Amino acid sequence: LPELEPRLFSFNNPAGACPSCDGLGVRQFFDPQRVVSDPSLSLPAGAIRGWDRRNAFYFNMLECLAKHYKFGIDTPFEALPKKVRDVILHGSGKELISFSYFSDRDGRQRRKHAFEGVLPNMERRYRDTESSTVRDELAKYLGSQPCGACDGSRLKLEARHVFIADRAIHTVTGLSTARALAFFSELQLEGKRREIADKIVKEIQSRLGFLVNVGLDYLTLARSAETLSGGEAQRIRLASQIGAGLVGVMYVLDEPSIGLHQRDNARLLGTLRQLRDLGNTVIVVEHDEEAILSADHVLDIGPGAGVHGGRVVAQGRPEDIAGQPDSITGRYLSGREEIAVPARRTPNDPGNQLVIRRARGNNLKNVDVALPVGLFTCITGVSGSGKSTLINDTLYAAAARHLYGSNLEPAPCEGIDGLGKFDKVVDIDQSPIGRTPRSNPATYTGLFTPLRELFAATPEARARGYTPGRFSFNVRGGRCEACQGDGLIKVEMHFLPDIYVPCDVCKGLRYNRETLDIRYKGKTIHEVLGMWA
């Protein structure tokens, strides 16, 4: 073993990273299940995307394979002999096959060579291409599996063979924060080792305790940051601030209780009070009743939304807000108003259900679930209990693959019955709308098209020969070309973050002067887009 240093136990450092996967812990590969999008289809019908009749070059190669191995090109892929399926996906090895090629200059030619295989072909193109478009398209078919050299630990062999209390570092980071806290609390070291480790272990216990207190006791220490929800990431940042022990700081939090069960909410509020007690100012934007009642001071903005809001309706202690007749928040806090509970529930039909069998993704333990079709169903439970794994990672991914041939990989389960009752599935999440930064509610909902048609139909627009495209800020003609319809100009600051300033030509209106001359009921297209619904 080399001399033990902190960098030996970091997968972000070459000294500790597994050389086979460069510290990633996974190996990417082209997944046959993603490449063969629908095994029930034949090759001409699109069993393998990009190799059907629409791509003459690759489909010609498959036809030559069919002649060589004497199989029907119109046979469903899943019905082909295993040897043929293996050759199509992985290549013919050293076996030479006669291929026919056609070019305008040389006409039809015959060449004899091995068949590369669909998967090696994709690997080569992904490796050699300089086109980001090609790379992004091929990346849809990539899967990942744990690195065989480090078993997913991301560390080199030497780091995995250093133990404390019979645990290597990668097994400790595989624990949940609650179990890791218990491990370090029960850790018994003797003599000089205890003297050396005492302060370090106490610091580890303290930081783990902060994570547990903000409701993250279920998170494993090795959890990838990209898989964290917005609320989880916010609470991790909150825990790190408590660990910093700063005083005289103003902390601003935007709805930290989102995604938290009531059990975990109490611990979060206790953490916020702890920040306050250190001598800090804590400002929270929140709708949660328990958070409002726990505050020392409440500021209620309203009374309504949009043009009906923007005023301070009430402020003071929670009981002061509850007594304000003009405060909608106060009416709910006092119990004068409450969420109506349906007097009658729609009965559940046991014969009309969507059944998930033996779901076992992440922490699910072979769960069997029956969801009634045609009813409003709520999935609840404490944070980290497996709600998102069951619905988003298992049900939605399987439904999208079944209905659309999606490349999403469902979390493992024995099967899902009842997907045939649906013709589409829609995932409504909190990701940004649209495909570009120019998207807005009007473009996303399709309202922008009739709006542009309406302005193009005005007498003055028709007299000038303007089409609906004239009123789009995404194309030439009607937009301001100085900012290309953004309304903002980016100013590069070199060593500082770039800043954006209003366009000095259109003054942030996004359109040129001629387009803004057209009015409907006295309003320009810019003014209409600036209205609230």
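Residues in the sequence shown are numbered from 1 upward in steps of one, following UniProt numbering. Even for Gly, the Cβ is constructed at its ideal location relative to N, Cα and C. Small disclaimer: the values here were computed from a predicted structure and weren't measured.
Quick one: residues in its chain with C-beta nearer than 7 Å to the C-beta of residue i, no 5 flanking neighbours on either side, listed in chain order?
| i | result |
| --- | --- |
| A291 | S257, L269, V284 |
| L187 | A165, V201 |
| L1 | E158 |
| F455 | A461, F471, I518, Y520, I525 |
| G91 | A114, F115, E116, G117, P120 |
| Y126 | R135, L138 |
| C64 | I97, S98, F99, S100 |
| E414 | R357, R358 |
Taking the alpha carbon of residue i as the reference point, which residue from the options has its own alpha carbon closest?
| i | options | result |
| --- | --- | --- |
| G465 | R223, L216, I518 | I518 |
| A178 | V172, I200, D217 | D217 |
| K94 | H113, P2, R207, S406 | H113 |
| R49 | H68, G191, V162, F77 | F77 |
| D31 | E481, P120, E63 | P120 |
| F71 | L228, V84, R267, N512 | V84 |
| A533 | T445, A463, F471, Y101 | T445 |
| L299 | T281, I321, V282 | I321 |
| K421 | L488, L516, T129, A399 | A399 |
| L364 | N348, I525, G381 | G381 |
| L272 | L175, H261, S294, L395 | S294 |
| G306 | G530, K192, F59, P81 | G530 |
| N474 | P497, N440, Y500, I499 | N440 |
| G316 | G330, H308, T281 | G330 |
| R360 | R267, D368, I236 | D368 |
| D498 | I489, V505, C506, D504 | I489 |
| K424 | L403, K82, G522, E130 | L403 |
Expressed to the nearest angstrom, what Euclidean distance is found between the alpha-carbon atoms of residue i and residue j?
| i | j | result |
| --- | --- | --- |
| K199 | A17 | 27 Å |
| R263 | V214 | 11 Å |
| A463 | R401 | 51 Å |
| N392 | A370 | 16 Å |
| L395 | P410 | 7 Å |
| L41 | Y69 | 19 Å |
| R111 | S37 | 30 Å |
| I88 | S406 | 22 Å |
| G304 | Q324 | 15 Å |
| L447 | T220 | 44 Å |
| R160 | A168 | 6 Å |
| G174 | R223 | 8 Å |
| residue 536 | I236 | The requested residue 536 is not part of the displayed model; the chain covers only 1 to 533. |
| E190 | I242 | 31 Å |
| V528 | L496 | 36 Å |
| V162 | T133 | 44 Å |
| E289 | C150 | 48 Å |
| R276 | P14 | 41 Å |
Report buried or exposed for residue i, applying the criterion of at least 16 other Cβ atoms within 10 angstroms of its Cβ.
| i | result |
| --- | --- |
| G374 | exposed |
| E286 | buried |
| K156 | buried |
| N12 | exposed |
| residue 534 | Since the first residue shown for the chain is 1 and the last is 533, residue 534 is missing from the structure and cannot be characterised. |
| H170 | buried |
| V212 | buried |
| F210 | buried |
| S327 | buried |
| R479 | buried |
| V443 | According to the sequence displayed, residue 443 carries Thr and not Val. By the 10 Å Cβ count, T443 comes out buried. |
| G279 | exposed |
| Q109 | exposed |
| M250 | exposed |
| A244 | exposed |
| A47 | buried |
Skipping 5 residues on each side, what residues in its chain have a beta carbon closer than 6 Å to that of residue i?
| i | result |
| --- | --- |
| I416 | I356, A398 |
| R336 | none |
| V313 | D300, G302, P303, D326, S327 |
Take residue i and list the residues in its own chain whose beta-carbon comes closer than 8 Å to its own, dropping the five residues that flank it on each side.
| i | result |
| --- | --- |
| Y468 | The sequence given here has Pro at residue 468, not Tyr. Excluding residues within five positions, the ones whose Cβ falls inside 8 Å are T449, R452, E453, F455, A456. |
| S185 | Q205 |
| T377 | L371 |
| V247 | L278, G279, N280 |
| T458 | I518, R519, Y520 |
| E203 | none |
For a cutoff of 7 Å on Cβ pairs, would you count residue i as touching chain C?
| i | result |
| --- | --- |
| C480 | Absent from the structure is chain C; it holds one protein chain and no more. |
Pick out the complete alpha helix (DSSP H) segments inside the segment 232-294, 4 residues or longer, and give them in chain order. Those alpha helix (DSSP H) runs which fall completely within the segment 232-294 and span 4+ residues are 262-277, 289-294.
Please list the segments of the beta strand (DSSP E) lying wholly inside the segment 450-533, counting only runs of 3 or more residues, in order along the chain. If we require 3 residues or more, the beta strand (DSSP E) runs fully inside the segment 450-533 come out as 488-491, 499-502.
Contiguous beta strand (DSSP E) assignments of at least 3 residues, all confined to the segment 41-97: Secondary structure in the segment 41-97: no beta strand (DSSP E) run of 3 residues or longer lies completely within the stretch.
Entirely within the segment 141-219 and at least 3 residues each: give me those beta strand (DSSP E) ranges in chain order. As summarised for the segment 141-219, the continuous beta strand (DSSP E) elements at least 3 residues long and confined to that stretch are 142-146, given in chain order.
Whole alpha helix (DSSP H) elements within the segment 387-450, 4-residue minimum: DSSP assignment within the segment 387-450 yields the following whole alpha helix (DSSP H) runs of 4 residues or more, N-terminal first: 397-404, 441-445.
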